[in-house]
Amino acid sequence: MDIVQEGMKYLDSTPSHDAKMELIKTLRAVTEGKIHVELERARLTRTLAKIREDEGKVVEAAELMQEVQVETYGSMDKEEKVDYILEQVRLCLDKGDYVRGTIVSKKITNKTFEKDVLQPLKLRYA
1355 MDIVQEGMKY
1365 LDSTPSHDAK
1375 MELIKTLRAV
1385 TEGKIHVELE
1395 RARLTRTLAK
1405 IREDEGKVVE
1415 AAELMQEVQV
1425 ETYGSMDKEE
1435 KVDYILEQVR
1445 LCLDKGDYVR
1455 GTIVSKKITN
1465 KTFEKDVLQP
1475 LKLRYA
């Protein structure tokens, strides 16, 4: 777990796009199927999805995000979970998969937004 977290610190300072992609690929391979680093894997996946979306590969970005089921993660705080799910919904809608977008959006209930901290996310949800 410590080595994965240490590797993630170097993502922003990688010398090239190729080096960053290789580091993400390696860290995702190391974290695959490991429950004690599920949070790090989710964050790596989101970073990779953002890169793919910036490259114009929205379908690939959406598929990457759908691999991760953050609603079951106990190590992720509520705000980050809701934000992650909203990002999954947005990517589904961007690729035109309205059925999946609707299904994913139902992972968030109205009760979720009762905390004041989540009010900005409530605006994105609505």
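Read left to right, the sequence shown gives residues 1355 to 1480 (this note's numbering). By construction, the Cβ of each residue, glycine as well, lies at the ideal position given by its N, Cα and C atoms.
**Message:** Restricting to runs no shorter than 4 residues, where is the alpha helix (DSSP H) found entirely within the region 1389-1455?
**Reply:** 1392-1408, 1412-1420, 1432-1448
**Prompt:** If you draw a straight line from the alpha carbon of G1455 to that of D1448, how long is it in whole angstroms?
**Reply:** 9 Å
**Request:** Compute the distance between the beta-carbons of H1390 and M1355, then report whether it is under 8 Å.
**Result:** yes
**Request:** Provide the residue span of the alpha helix (DSSP H) that contains G1361, from first to last.
**Result:** 1356-1363
**Message:** For R1395 and K1404, what's the separation of their Cα atoms in angstroms?
**Reply:** 14 Å
**Prompt:** Can you tell me where the alpha helix (DSSP H) with D1372 in it begins and where it stops?
**Reply:** 1371-1385
**Item:** Contact the region 1406-1426 vs the region 1380-1390: 3+ CB pairs below 8 Å
**Value:** no
**Message:** Here's a check: name, in chain order, each residue in its chain whose Cβ is nearer than 8 Å to the Cβ of P1474, leaving out the five neighbours to either side.
**Reply:** none
**Asked** If you drop the 5 nearest sequence neighbours on each side, which residues of the same chain put their C-beta closer than 7 Å to that of C1446?
**Response** Closer than 7 Å at the Cβ level, and outside the excluded window around C1446, lie A1416, R1454, G1455, V1458.
**Message:** Quick check on DSSP: helix, strand or coil for I1462?
**Reply:** coil
**Prompt:** What residue does the alpha helix (DSSP H) around L1477 start on, and which one ends it?
**Reply:** 1473-1479
**Request:** Whole angstroms is fine: what's the gap from K1432's alpha carbon to L1418's?
**Result:** 21 Å
**Message:** On a Cα-Cα basis, can you pick out the residue from Y1438, K1374, L1377 that is closest to K1461?
**Reply:** Checking every option, the nearest Cα to that of K1461 belongs to Y1438.
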